[in-house]
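**Student:** Mind having a look at this structure? Questions to follow.
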Amino acid sequence: MTSLIPGNKNISSGSYISMIPILRVAITAFVLVLISCQGDAGQSASRTDSAGVEKQVDQLLSQMTLAEKIGQMTQVDRRYLKSDSDITNYFLGSVLSGGGSSPAVNAPSSWVEMVDEFQSYALRTRLRIPLLYGIDAVHGNNNVKGAVIFPQNIGMGCTRDSALVEKAARVTAEEVAGTGINWTFAPCIAVARNIRWGRTYESFGETPGLQVTMAGAEVKGFQGENLSDQSLVLACAKHFVGDGGTAEGKDQGNTVCDEATLREIHLPGYLEAIRDGVGSIMVSYSSWNGLKMSANKYLLTDVLKNEMGFKGFLVSDWAALDQLQGDYSNQIETAVNAGIDMVMVPDNYKRFISTLTALVDDGKVPVSRIDDAVRRILRVKFLKGLFEHPYSDSSLTGKVGSQAHRQVARQCVRESLVLLRNENKVLPLGKNLKRIVVAGKNADDLGNQCGGWTISWQGSSGDITTGTTILQGIKETVSPETDVVYSSDGSGAAGADAGIVVVGETPYAEGAGDRSDLSLSKEDMTTIENVKRAGIPVVVVLVSGRPMIVNEALADCDAFVAAWLPGTEGEGVADVLFGDYKPTGKLSHSWPRDMKQIPINYGDPNYDPLFPYGFGLTY
Ligand code: BGC
Ligand code: BGC
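For the sequence shown, the working numbering assigns the number 61 to the initial residue and increments by one for each residue that follows.
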């Protein structure tokens, strides 16, 4: 058995909500089982053996100086490394690429070279402790040009297909490992409760049940059955906890609720991720009842580590400590004592290291806390087999962006689409129509259909990477005789046999996507009306990171499809529009009638959405 999985996995995940009251007892039992198993595992020192790994960790830890230990707890973005040799000099435990933090030439082979080079500096240290290199591979290995980009989680939630989520994560893991990277900051298992939130699309949906269904599947896709030297990459469930529950959907805001509600809505996904051996968890920027999560010792240490039996390590969010009360020294003291094991500094590491060192020297952060943090980090590094295989596996590099991988993403796209309206059975469209007008700003824009966290942090419009736009997908699907005409504003549609109008949002990430108005833009409405005026059947495809206010658009069209943020494989949209695949997607969010109805969630009293959670038509 492995040391990160606390015991029996045979409890059905569907019963979490009703299970909450007995959770504490159950978890305690798991931990006891774990401890007793460790006791008789003694002989073998194989990496996947708990006792063996614990011995290795203790041995290494006993040789480490304070500087070496604090180095392990330090994570720096590559953009802020003064020189590569600082990895050696400061014993850094981890380097990351934040959104858009790519090598000068953004190609898989340059990533491999860069990460292996950083690794070589870690291996020049006295104890040769390898680096973890982290990246946000949240819908494919999305910082890397040419990597396949999957639908964002909101669409994956609509598939209700956990096996597919696992398959997609496996493909992503191959593309991450293929670029030399060994750690992804995923899955995001936020439960987005207010679609005004700019990170709604990073969540599988509004119910804890969806996170429960998908969390473990994604972890298994990344790490395999458990964290071992067979794991392609280390997973990181985020953001613990309550990130999706903030008041007014404000990013990094305050989640106000009692503990029972927090446990019922926001915790179940973590139980599942831990049960499937997730090696790391990222702590949320947000607060719970006014206290920043990075300062919440009760939830980080008492609940997550002690009660839930999490044996991996906790990483802070990007510069999250800087948001705590007091000066920098107070901030570090609070966060490390609360239970954060690795700090995503991410910039001034010299200052972080000297400040934490002084805190230990002054007895404000106990050495026992430092040892616990480093033990957790080393445990994960040993389990992952990093000491034996610190460098990249070049056999995977050629698979980045492969056709086989793109086929998996295309399957995800077609399963994620939700058909909301289909008057007079306008869909599926015939492949032999004489003339089809395709209109709208999102019809032929790869960047828009990928959304945020694609090549750059915020994402951007245009030809940002390799892929197929929805327009190109349509052209490749219809008969060669069909005339597919693109008209960005929908003018000149008269005489066509059908119009497909692709509208919605343009890319954003995190707080930049917080909105108080989710109406379709004037430009989008004009485009739809221009096509409608031609008197032809109108199909609206909405490309967006969340439900929008679409009453007028619905009234103007014959068919309406929510395509979310599908990623690079635009043919997946055409597969559904032209009937090669009958729609199966079910809403992962309640669809509001107007802004006043938000927040609206399944199970609310007087629940009266435009389309309920779980809604989805088919042909
Ligand atoms: C985000 C995290 C992300 C980290 C590193 C933060 O701003 O909240 O989700 O993993 O940056 O890019
Ligand atoms: C980074 C992101 C990070 C963000 C936080 C950006 O510069 O690239 O990864 O999440 O800063 O503010």
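Glycine residues also receive a C-beta, built at the ideal position from the N, C-alpha and C atoms. Computed from a prediction, not measured in an experiment: that's the story for all the values here.
If contacts are defined as beta-carbon pairs under 8 Å, then Leu677 and Leu479 qualify, I think. What distance do you get, rounded to the angstrom?
**Tutor:** Counting from one through the sequence shown, the residue named residue 677 turns up at place 617. Counting from one through the sequence shown, the residue named residue 479 turns up at place 419. The pair is a contact, with the Cβ atoms about 4 Å apart (cut-off 8 Å).
**Student:** Examine ligand 2 and report whether any of its heavy atoms sits within less than 7 Å of the Cβ of Trp517.
**Tutor:** The residue given as residue 517 occupies position 457 in the sequence shown. Trp517 Cβ: within cutoff of ligand 2.
**Student:** Go through the region 248-306 residue by residue and report every complete run of the beta strand (DSSP E) that reaches 3 residues or more, in order.
**Tutor:** Qualifying beta strand (DSSP E) stretches, in chain order: 296-300.
**Student:** Express the C-alpha separation of Pro163 and Ile430 in angstroms, rounding to a whole number.
**Tutor:** As a first step, residue 430 must be located in the sequence shown, where it is residue number 370. As a first step, residue 163 must be located in the sequence shown, where it is residue number 103. Going by the C-alpha atoms only, they are around 33 Å apart.
**Student:** Rounded C-beta distance between Gly369 and Pro66? I'm assuming under 8 Å.
**Tutor:** Along the sequence shown, one-based indexing puts residue 369 at 309. Along the sequence shown, one-based indexing puts residue 66 at 6. The Cβ separation is near 4 Å, so the contact holds.
**Student:** Out of curiosity, what's the CA-to-CA distance linking Phe638 and Ile658?
**Tutor:** Residue 638 sits at position 578 when you count from the first residue of the sequence shown. Residue 658 sits at position 598 when you count from the first residue of the sequence shown. Spanning the two alpha carbons is a distance of roughly 34 Å.
**Student:** Name the DSSP beta bridge partners of Phe671, please?
**Tutor:** In the sequence shown, the residue the question calls residue 671 occupies position 611. According to DSSP, Phe671 bridges with Trp651.
**Student:** Relative to the C-alpha of Lys491, which candidate in Asp640, Leu187, Ser346, Gly309 has its C-alpha closest?
**Tutor:** Reading the sequence shown from its first residue, position 431 is the one you call residue 491. Out of Asp640, Leu187, Ser346, Gly309, Asp640 has the C-alpha closest to the C-alpha of Lys491.
**Student:** Can you tell me which of Asp311, Ser547, Leu477, Ala569 puts its alpha carbon nearest to the alpha carbon of Gly507?
**Tutor:** What you label residue 507 is simply residue 447 of the sequence shown in a count that begins at 1. Of Asp311, Ser547, Leu477, Ala569, the residue nearest in Cα terms is Ala569.
**Student:** For Ser454, which of Lys115, Asp176, Met124 has the nearest alpha-carbon?
**Tutor:** For the purposes of this step, residue 454 is identified with residue 394 of the sequence shown, where counting begins at 1. Of the candidates Lys115, Asp176, Met124, the one whose C-alpha sits nearest the C-alpha of Ser454 is Asp176.
**Student:** Taking DSSP's pairing of strands, which residues face Ala622 in a bridge?
**Tutor:** On the sequence shown, residue 622 is found 562 positions in, with the first residue counted as 1. In the DSSP output, where bridge partners are listed per residue, Ala622 has Val478, Leu602.
**Student:** Kindly identify the DSSP beta-bridge partner or partners of Ala207.
**Tutor:** As a working mapping, residue 207 is identified with position 147 in the sequence shown. DSSP, once it has assigned bridges, lists no residue as partnering Ala207.
**Student:** Ignoring anything shorter than 3 residues, give me the beta strand (DSSP E) runs that lie fully in the region 307-333, in order along the chain.
**Tutor:** Taking only runs of at least 3 residues, no beta strand (DSSP E) segment lies wholly in the region 307-333.
**Student:** Between the alpha carbons of His649 and Thr185, how many angstroms are there, rounded?
**Tutor:** Translated into positions along the sequence shown, residue 649 becomes position 589. Translated into positions along the sequence shown, residue 185 becomes position 125. Spanning the two alpha carbons is a distance of roughly 50 Å.
**Student:** Between Gly160, Asp311, Arg253, which has its C-alpha nearest Gly573's C-alpha?
**Tutor:** Within the sequence shown, numbered from 1, the residue matching residue 573 stands at position 513. Checked all of Gly160, Asp311, Arg253; the closest Cα to Gly573 is Asp311.
**Student:** Per DSSP, which one or two residues make a beta bridge with Val498?
**Tutor:** Mapped onto the sequence shown, residue 498 falls at position 438. The partner list for Val498 (beta bridge, DSSP) reads Tyr546, Ile560.
**Student:** So for Phe178, helix, strand or coil by DSSP?
**Tutor:** Numbered from its first residue, the sequence shown carries residue 178 at position 118. Correct three-state label for Phe178: helix.
**Student:** Within the same chain, show all residues whose beta-carbon is closer than 8 Å to that of Thr586, passing over the 5 residues directly before and after it, in chain order.
**Tutor:** To locate residue 586, count along the sequence shown from 1; it is residue 526. Same-chain partners within the cutoff: Asp549, Gly550.
**Student:** Does the structure place the region 398-417 close enough to the region 440-452 that three or more beta carbon pairs sit under 8 Å?
**Tutor:** Contact fails: fewer than three Cβ-Cβ distances are below 8 Å.
**Student:** Throw me the rounded Cβ distance for the Asp303 and Ala379 pair, which I believe falls under 8 Å.
**Tutor:** Numbered from 1 along the sequence shown, position 243 holds the residue referred to as residue 303. Numbered from 1 along the sequence shown, position 319 holds the residue referred to as residue 379. Not confirmed; about 16 Å, so no contact.
**Student:** For the region 466-476 against the region 602-621, are there 3 or more C-beta pairs whose distance is under 8 Å?
**Tutor:** Counting Cβ pairs under 8 Å, fewer than three are found: no touch.
**Student:** On the three-state DSSP scale, how would you describe Ser170?
**Tutor:** For the purposes of this step, residue 170 is taken as residue 110 along the sequence shown, with counting starting at 1. In this structure, Ser170 counts as helix in the three-state DSSP scheme.
**Student:** Helix, strand or coil for Phe245? Go by DSSP, reduced to three states.
**Tutor:** What you label residue 245 is simply residue 185 of the sequence shown in a count that begins at 1. Reduced to three states, the DSSP call for Phe245 is coil.
**Student:** Would you mind sorting Gly663 into buried or exposed? The rule is 16 or more other CB atoms within 10 Å of its CB.
**Tutor:** For the purposes of this step, residue 663 is identified with residue 603 of the sequence shown, where counting begins at 1. It counts as exposed.
**Student:** Express the C-alpha separation of Thr232 and Phe210 in angstroms, rounding to a whole number.
**Tutor:** Position 150 of the sequence shown, counted from the first residue, corresponds to residue 210. Position 172 of the sequence shown, counted from the first residue, corresponds to residue 232. Those two C-alpha atoms are separated by around 9 Å.
**Student:** Have a look at Asp584, Ile255, Leu614, Gly159 and flag the residue whose alpha-carbon is nearest the alpha-carbon of Gly564.
**Tutor:** Numbered from 1 along the sequence shown, position 504 holds the residue referred to as residue 564. Among Asp584, Ile255, Leu614, Gly159, the Cα nearest to that of Gly564 belongs to Asp584.
**Student:** For Ser516, collect the residues of the same chain with a Cβ closer than 7 Å to its Cβ; drop the 5 residues on either side in sequence, then sort them by chain order.
**Tutor:** Position 456 of the sequence shown, counted from the start, is the residue given in the question as residue 516. Excluding residues within five positions, the ones whose Cβ falls inside 7 Å are Gly159, Gly160.
**Student:** Ordered along the chain, which non-local residues of its own chain (more than five positions away) have a Cβ less than 8 Å from that of Ser72?
**Tutor:** One-based indexing of the sequence shown puts residue 72 at position 12. The pLDDT assigned to Ser72 is 38, lower than 50, so where the model puts this residue is not dependable; a value taken from the coordinates is nonetheless given after this. The answer is none, since no qualifying residue turns up.
**Student:** Hey, is Gly159 close to ligand 2, as in C-beta under 7 Å from one of its heavy atoms?
**Tutor:** Within the sequence shown, residue 159 is the residue found at index 99, counting from 1. True, at least one ligand heavy atom lies under 7 Å from that Cβ.
**Student:** Please state whether DSSP places Gln103 in a helix, a strand or coil.
**Tutor:** Here residue 103 is taken as the residue at index 43 of the sequence shown, counted from 1. Summary for Gln103: the model assigns pLDDT 31, below 50, so the residue's position carries little reliability, and this model does not support an answer.
**Student:** Quick test of the definition: if touching needs 3 or more C-beta pairs under 8 Å, does the region 586-595 touch the region 328-335?
**Tutor:** Flag = no, the region 586-595 and the region 328-335 do not touch.
**Student:** Between Phe264 and ligand 1, is the CB less than 7 Å from at least one heavy atom?
**Tutor:** Reading the sequence shown from its first residue, position 204 is the one you call residue 264. Because no heavy atom of ligand 1 lies under 7 Å away, the Cβ of Phe264 does not count as near it: no.
**Student:** Restricting to Cα atoms, I'd like to know which of Asp577, Phe373, Val601 is closest to Lys656.
**Tutor:** Position 596 of the sequence shown holds residue 656. Answer by Cα proximity: Asp577.
**Student:** Give the range of the beta strand (DSSP E) segment to which Val375 is assigned.
**Tutor:** Counting from one through the sequence shown, the residue named residue 375 turns up at place 315. Unbroken beta strand (DSSP E) run through Val375: 373-375.
**Student:** Does the region 180-195 come close enough to the region 603-616 that 3 or more CB-CB pairs lie under 8 Å?
**Tutor:** In short, these stretches do not touch, since the Cβ pair count stays below three.
**Student:** Can you check which of these residues, Ala503, Val434, Gly337, is closest to Gln116 by C-alpha distance?
**Tutor:** As a working note, residue 116 is residue 56 in the sequence shown. Cα-wise, what sits closest to Gln116 is Val434.
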